[in-house]
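Heads up, the sequence shown stops at 721 in the working numbering, and the numbers go up one at a time, no gaps.
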Amino acid sequence: MERGPRAAHVAFNARGDGRRAGPLAVRTRHPKEIVMRRAVLALAAAALLPAELRAQVRDSLATTAPAEARPRARAVVLPYVGSAPETGFQYGATLFRVRQPADSTTRPSTAQLFATYTAKSQARAFAEIDHWTARNTWRWIAHLEWQRFPLPYYGSGDDTPASAEETYTPRGLLAFATVQRRVRGPLYAVGGYRFQDFDVVETADDGVLRLGGVVGSRGGRVGQLQGGALWDSRDNVFAPYRGLFVQATGSVAAAAVGSRYRFTRTVVDARRFVRVGDRRVVALQGVVETTGGTAPFDQLSLVGGSSYFRGYARGRFRDRHLASVQAEYRAPVVGRLGWAAFAGGGRVTPRVGDLAGDDARFLPSYGAGVRWLLFPRTRSTVRVDYGRGADGQSGLYVALNEAF
């Protein structure tokens with residue numbers, strides 16, 4: 318109980334401004350006597366303390382910020398358990414750490430470790446760092462992942478039957494780095510590089526991927542250079558109450574940047590958050606993705622996942638172009654417990670003009686979920702969502718922080 322006050326006390330008295338506090342304020346010795354005694358004690362301490370302890374004393378004396386103004390870091394370890402026909406029993410864990418800077422304007426930085434293993438000796442693991450500098454001038458995101466994990470493939474288009482499902486297993490490395498530089502106000506310039514090197518080590522015996530007629534069915538290297546712009550006026554990056562997020566990026570994959578395949582991708586992601594009460598928010602999102610050139614099948618736009626098109630298996634439908642919209646209502650229940658309801662949908666098409674036409678199939682997505690507030694100060698949450706889609710499809714998702 319006394320360590321905090323003592324640290325503050327030492328820091329306060331090390332400022333060199335002549336001020337004293339606590340017991341030191343009632344001492345009445347002559348100033349010269351005080352100076353001499355302190356000098357002798359300091360020399361004795363320097364001679365007797367080990368180097369490690371001297372460094373600790375020096376560091377503690379150099380600390381001048383009060384405890385409540387220092388950065389705060391919190392961490393949590395969450396277990397993961399699941400099951401799927403292609404994997405059998407799955408188990409793993411994630412370590413999530415968030416660091417809130419001392420000032421209230423700089424956004425929190427995070428680090429995450431995740432690992433999972435299955436009964437069929439399949440594995441996936443990644444490490445990710447998301448760091449903001451003071452006053453949100455710079456943001457760096459770095460991600461490194463290794464996997465040997467099965468995924469479903471149904472073919473391309475919006476009308477592939479469920480009976481077309483086959484499983485393939487990519488094995489290899491994925492890495493990307495993204496940099497954002499604040500230009501003015503909420504406007505940022507965005508740049509980055511993404512690299513993956515996968516081998517498809519397992520395919521279905523009678524599947525189309527085994528025949529080799531699908532671009533990317535043998536794996537290979539993909540390198541993409543990215544650039545774009547971002548307008549980000551959200552009041553929080555994990556669970557915004559208000560603000561806008563509009564990002565437009567383009568990426569190029571070519572031999573010059575380490576890619577076996579040559580293609581381009583453009584992504585526009587627009588979000589708006591409106592506060593409608595105490596911790597009650599309406600969140601809106603629209604996404605458009607386009608692909609040009611000869612892209613491998615795993616780089617096409619996908620329907621399904623924990624962000625948008627919840628309710629579909631990842632990759633249930635895929636094609637060269639995608640458009641998606643969704644709305645979500647978020648509200649508290651009691652204490653740290655909250656809930657959310659969402660609805661939306663979209664399309665995938667082989668031609669970009671078909672996104673706005675009547676020929677493409679509309680794929681609905683809707684559902685609800687619960688939220689648990691991990692760290693109230695940063696609004697970091699764990700969410701569990703249940704979503705439904707077309708043809709009776711459904712999905713259960715457990716993830717950190719809001720979907721968007």
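Quick reminder that beta carbons are idealized off the backbone N, C-alpha and C, glycines included.
Classification of residue 688 by the beta-carbon crowding that lies within 10 angstroms, buried from 16 upward: Position 371 of the sequence shown, counted from the first residue, corresponds to residue 688. That one is buried.
Taking the alpha helix (DSSP H) that residue 665 belongs to, which residues open and close that run? Position 348 of the sequence shown, counted from the first residue, corresponds to residue 665. Taken as a continuous stretch (DSSP letters only), residue 665 belongs to no alpha helix (DSSP H), being part of the beta strand (DSSP E) at 654 to 666.
Evaluate contact between the region 608 to 618 and the region 527 to 535, counting only Cβ atoms and requiring at least three cross-stretch pairs below 8 Å. yes
Could you check the C-alpha separation between residue 442 and residue 461 for me, to the nearest Å? For the purposes of this step, residue 442 is identified with residue 125 of the sequence shown, where counting begins at 1. For the purposes of this step, residue 461 is identified with residue 144 of the sequence shown, where counting begins at 1. Each residue's Cα considered, the two are about 9 Å apart.
Mind checking residue 717: buried by the 16 CB within 10 Å criterion, or exposed? Along the sequence shown, read from residue 1 onward, the residue named residue 717 stands at position 400. Residue 717 is buried by the Cβ-count criterion.
Can you tell me which of the three DSSP states residue 429 falls into? Residue numbering aside, residue 429 sits at position 112 when the sequence shown is read from its first letter. Three-state result, residue 429: strand.
What is the DSSP secondary structure of residue 562, counted as helix, strand or coil? As a first step, residue 562 is located in the sequence shown; it is residue number 245 there, counting from the start. It is a strand residue.
Entirely within the region 518 to 560 and at least 4 residues each: give me those alpha helix (DSSP H) ranges in chain order. 525 to 528
Less than 6 Å between C-beta atoms, sequence neighbours within five positions excluded: which residues of the same chain meet that for residue 551? For this step, residue 551 is matched to residue 234 along the sequence shown. If the five residues before and after residue 551 are omitted, its C-beta is found closer than 6 Å to the C-beta atoms of 557, 560, 562, all from its own chain and listed in chain order.
Within 8 Å, strictly: CB atoms of residue 598 and residue 592: Stepping through the sequence shown from its first residue, residue 598 is reached at position 281. Stepping through the sequence shown from its first residue, residue 592 is reached at position 275. Between residue 598 and residue 592, the CB-CB gap stays under 8 Å.
Exposed or buried, what is residue 641 when buried is set at 16 or more other beta-carbons lying within 10 Å of its beta-carbon? Mapped onto the sequence shown, residue 641 falls at position 324. Classification for residue 641: buried.
Our contact map puts residue 422 next to residue 452 with C-beta atoms below 8 Å; I'd like the distance itself, whole angstroms only. Locating residue 422 in the sequence shown gives position 105, where the first residue counts as 1. Locating residue 452 in the sequence shown gives position 135, where the first residue counts as 1. Yes, residue 422 and residue 452 are in contact; Cβ-Cβ is about 6 Å, under 8 Å.
Which of the three DSSP states is assigned to residue 456 in this structure? As a first step, residue 456 is located in the sequence shown; it is residue number 139 there, counting from the start. Reduced to three states, the DSSP call for residue 456 is strand.
Outcome for residue 425 when other beta-carbon atoms lying within 10 angstroms are tallied against a minimum of 16: On the sequence shown, residue 425 is found 108 positions in, with the first residue counted as 1. The residue is buried, with at least 16 neighbouring Cβ atoms inside 10 Å.
Judging by CA-CA distance, which residue of 710, 670, 449, 497 is the nearest neighbour of residue 621? Sequence index remark: in the sequence shown, residue 621 carries index 304 (1-based). Nearest C-alpha to residue 621: 710.
Cα separation between residue 414 and residue 433? Counting from 1 along the sequence shown, the entry for residue 414 is found at position 97. Counting from 1 along the sequence shown, the entry for residue 433 is found at position 116. Distance between the alpha carbons of residue 414 and residue 433: 18 Å.
Going along the chain, which residues of its own chain have a beta-carbon closer than 7 Å to the beta-carbon of residue 399, five neighbours each way excluded? Within the sequence shown, the letter at position 82 stands for residue 399. Result list for residue 399: 407, in chain order.
For residue 587, would you say it is in contact with chain C, using Cβ-to-Cβ distances shorter than 8 Å as the test? The displayed structure is made up of one protein chain only, and chain C is not part of it.
8 Å Cβ cutoff met for residue 520 and residue 543: Taking the sequence shown and counting its residues from 1, the one referred to as residue 520 is at position 203. Taking the sequence shown and counting its residues from 1, the one referred to as residue 543 is at position 226. Not a contact, by the Cβ cut-off of 8 Å.
Check whether the Cβ atoms of residue 523 and residue 489 lie closer than 8 Å to each other. Indexing the sequence shown from 1 puts residue 523 at position 206. Indexing the sequence shown from 1 puts residue 489 at position 172. Result no, Cβ atoms of residue 523 and residue 489 do not sit closer than 8 Å.
Buried/exposed call for residue 680, threshold 16 Cβ in 10 Å: Position 363 of the sequence shown, counted from the first residue, corresponds to residue 680. Per the 10 Å Cβ criterion, buried.
Return the Cβ separation of residue 485 and residue 526 in integer angstroms, given the expectation that the two are a contact with Cβ distance under 8 Å. If you number the sequence shown from 1, residue 485 lands on position 168. If you number the sequence shown from 1, residue 526 lands on position 209. Confirmed, about 5 Å.
Assigned exposure category for residue 480 - 16 Cβ within 10 Å defines buried: Looking up residue 480 in the sequence shown gives position 163. Exposed, because fewer than 16 other Cβ atoms sit within 10 Å of the Cβ of residue 480.
State yes or no: is the C-beta of residue 645 within less than 8 Å of the C-beta of residue 630? Residue numbering aside, residue 645 sits at position 328 when the sequence shown is read from its first letter. Residue numbering aside, residue 630 sits at position 313 when the sequence shown is read from its first letter. The criterion of a C-beta distance shorter than 8 Å is not satisfied by residue 645 and residue 630.
Residue burial classification, residue 570 (beta-carbon count within 10 angstroms, cutoff 16): Counting from 1 along the sequence shown, the entry for residue 570 is found at position 253. Label assigned to residue 570: buried.
Can you tell me whether residue 637 is buried or exposed, with buried defined as 16 or more other CB within 10 angstroms of its CB? Numbered from 1 along the sequence shown, position 320 holds the residue referred to as residue 637. Flag for residue 637 reads buried.
Integer Cβ distance of residue 635 from residue 682, believed to fall under 8 Å: Position 318 of the sequence shown holds residue 635. Position 365 of the sequence shown holds residue 682. The pair is not a contact, with the Cβ atoms about 15 Å apart (cut-off 8 Å).
Threshold first: 3 residues or longer. Then list the beta strand (DSSP E) segments lying entirely within the region 561 to 625, N to C. With a minimum length of 3 residues, the continuous beta strand (DSSP E) runs that stay inside the region 561 to 625 are 580 to 594, 597 to 610, 618 to 620.
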